[in-house]
Amino acid sequence: MSETSEVRARFCPSPTGTPHVGLIRTALFNWAFARHNGGKLVFRIEDTDAARDSQESYDQLLDGLRWLGIDWDEGPEVGGEYGPYRQSERREIYADVAAKLLAAGELYEAFSTNEEVEARRKAAGQDPKLGYDNFDRDLTDAQRDAFRADGRAPVLRLKMPAEDLAWTDLVRGDISFPAGTIPDPVLVRNNGEPLYTLTNPVDDALMRITHVLRGEDLLPSTPRQLALYAALRRVGVAEFTPEFGHLPYVMGEGNKKLSKRDPSSNLFLYRDRGFIPEGLLNYLALLGWGIADDRDVFSVAELVEAFDVTTVSANPARFDVKKAEAINGTHVRALDAGDFVTRVIPYLSAGGVLPEQPDDAQLAKLAAIAPLVQERVTVLSESVDMLRFLFIDEAKFAPEEAAATKVLNADAEPVLRASITALEALESWETAAIEQALKDALVDGLGLKPRKAFAPVRVAITGRTVSPPLYESMELLGRETSLARLHRAVPGH
RNA sequence: GGCGCGUUCGUCCAGCAGGUACGGACACCGGAUUCUCACUCCGGAGGCACGGGUUCGAGUCCCGUACGCGCUGCCA
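What the first sequence shows, in the numbering used here, is residues 864 to 1356, in sequence order.
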């Protein structure tokens, strides 16, 4: 590419299955690369495999990207001058390009079946795993006619050059494949359908893509793409060959590439658990890249500012949920209080704690306690169990069984009775007054250690052994409800 | 089998042009704070896959081995 042309990166998934985190990491790096360089991100859908592609998957792709704020300059729903951006709508283009390449002698018709290739390999004493033997390159017209007369339809293969294919990978440096190690690839099926081997480079060329950043599984396909690009340039379809960068895998537990089937790879699992885009994006960026040697929490804006694909690591990264949660928690705590409330409401609704449209009283309570919850969760959905006690119908309230068994035993009775006595005498139902009254009654009065003293009260009030701070919780719950719960918790009642 | 990529604490990222004790983060362990949990703070344990070579000196360069992964499709 020339020095003056703008950067054009692309993200081109196949709509097969639910978007997974490795795919999103690739999208993120392409996006950050484009944004950092003031270029464009092209979003293209590679739906040439009708058997596996689905509209549902397509919708999920857009949904996931939009949720995360990864936007595109050209692609589905936004258009662009090089559209259409769904390969299923570009059939004529591929047919046209294939015809050009065939006419120019870059492609040739091949009739060999796999069985025939294998037989020839064996007959020559070669390993059949070597693949196609380029046999049909030299077919005569008469031979081709004979195959056709026999009812055979040819695939179209690309003539690979007899030279080493090398490039400087943006992530891995110089890479070279020896001449003759890559058989002529099929670009068009014998039913006329174009394959990925054709459509991907053709679209990249037509869409003027300057930088191809993709998963390392595609690295071995780069030589044949380089060869196709050279052919495309010779027939005037491509003006330049893009640069390539192969991103490391995102691995799951063990040593396996995170696959679409692995439930822990599902992007929406993280959304449902209450990862926020800031946190998930930050963590994903850490998979193969770092912003500085002593820092790993950063904003999307900082990512864009600093991103450099040549500093991406070449080795596979394992997805560590614990670290992802830690990073997410940091971003959750950094939210301003109102923003946190807005974001947590859908989770509380889904968890049955609040209606989808909370009323003013509920909103006020939530706003009051939200800061105390915000600093205690790593993912938003944790708020559900933490806040249930505050919004639940009183008739349905009951301490969790395990907590009750453990804490609301005979020893708890004097504690609860003393608490009730002290609290009933309170004039002002406020955090400070509640704290003072309980401390006087339990710590000074009964001589209990604080952590011992407050456990029964906590379980009686919140139903759990772990909760937001107790006095604040009681103030928000209200005097009447709080006292009622304490009464009910007294053993024998 | 062939080709390719990779290999620094359990995990992720630093350590980019070789030079005193390999740094940070998450996780883990211990402690401080504390009404629980969390946050915060302090401390700890833990690593250059192996073998050669180059060099006064190698995690850093070269070669080999091992291991892992990928590709080797009329999937993408």
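All residues carry an ideal CB built from backbone N, CA and C; glycine is no exception. Since the model is a prediction, treat every value here as computed from it, not as a measurement.
With a 10 Å radius around its C-beta and 16 neighbouring C-beta atoms as the bar for buried, classify residue i as buried or exposed.
| i | result |
| --- | --- |
| T1173 | exposed |
| S1282 | buried |
| A1016 | exposed |
| A1009 | exposed |
| E972 | buried |
| D1013 | exposed |
| S868 | exposed |
| S1039 | exposed |
| G932 | exposed |
| R915 | exposed |
| R873 | buried |
| T1104 | buried |
| D1047 | buried |
| P1262 | buried |
| T1085 | buried |
| Q1220 | exposed |
Alpha carbon to alpha carbon, how far is residue j from residue i? Give it in angstroms, no decimals.
| i | j | result |
| --- | --- | --- |
| F1170 | D936 | 19 Å |
| S1244 | A1295 | 29 Å |
| M1114 | A1187 | 14 Å |
| E1290 | F1317 | 21 Å |
| G1202 | Q1237 | It is worth fixing the name first, because residue 1202 is Asp in this sequence and not Gly. So the alpha carbons of these two residues sit roughly 11 Å apart. |
| R1327 | P1277 | 19 Å |
| E981 | R1007 | 20 Å |
| E1338 | V1247 | 19 Å |
| P1234 | L1130 | 27 Å |
| Q1225 | D1199 | 19 Å |
| E1026 | S1162 | 46 Å |
| Q918 | Y1210 | 27 Å |
| P876 | D990 | 34 Å |
| G902 | D1067 | 15 Å |
| S1345 | T1268 | 20 Å |
| E1102 | R1096 | 6 Å |
| N900 | Y948 | 22 Å |
| V1204 | L1229 | 7 Å |
| A1273 | T1241 | 35 Å |
| A987 | D996 | 11 Å |
| S1330 | M1249 | 6 Å |
| D1037 | T889 | 21 Å |
| P1041 | L891 | 33 Å |
| S865 | A1227 | Summary for S865: the model assigns pLDDT 45, below 50, so the residue's position carries little reliability, and this model does not support an answer. |
| L904 | V1065 | 17 Å |
| A1180 | V1160 | 18 Å |
Between which two residues does the alpha helix (DSSP H) containing residue i stretch?
| i | result |
| --- | --- |
| H1194 | V1184 to A1197 |
| F1131 | L1130 to R1136 |
| D926 | Q918 to L931 |
| G1142 | P1140 to L1149 |
| F1317 | P1313 to T1325 |
| L970 | Per DSSP, L970 belongs to no alpha helix (DSSP H); it is in the beta strand (DSSP E), L970 to A973. |
| A1266 | E1264 to V1270 |
Could you give the C-beta distance for residue i and residue j, rounded to a whole number, given that I count them as a contact under 8 Å?
| i | j | result |
| --- | --- | --- |
| P878 | Y921 | 4 Å |
| H1109 | R1077 | 7 Å |
| E1106 | L1033 | 6 Å |
| L1333 | R1321 | 5 Å |
| V1216 | F1254 | 5 Å |
| P1313 | A1275 | Not confirmed; about 15 Å, so no contact. |
| R1358 | A1177 | Missing from the structure shown is residue 1358; the chain here goes from 864 to 1356 and no further. |
| W894 | P1140 | Their Cβ separation, rounded to whole angstroms, is 12 Å, which puts W894 and P1140 out of contact at 8 Å. |
If we call anything under 8 Å between Cβ atoms a contact, is residue i one with residue j?
| i | j | result |
| --- | --- | --- |
| T911 | T1003 | no |
| R871 | R1071 | yes |
| K1120 | Y1112 | yes |
| Y945 | L1091 | no |
| F1182 | L1150 | yes |
| E1335 | I1232 | yes |
| D1307 | A1285 | no |
| F1252 | T1193 | no |
| L1050 | A961 | yes |
| G1128 | G885 | The residue you asked about is not Gly; residue 1128 is Ser in the sequence shown. Contact flag set, yes. |
| L1147 | I887 | yes |
| A1323 | L1349 | yes |
| G1142 | N1191 | yes |
| L965 | L1021 | no |
| V1100 | A967 | no |
| R984 | F998 | no |
| L1301 | V1353 | no |
Would you kindly report the start and end of the unbroken beta strand (DSSP E) that includes residue i?
| i | result |
| --- | --- |
| W1030 | L1028 to D1032 |
| H1109 | E1106 to L1110 |
| I1038 | G1036 to F1040 |
| V1049 | V1049 to V1051 |
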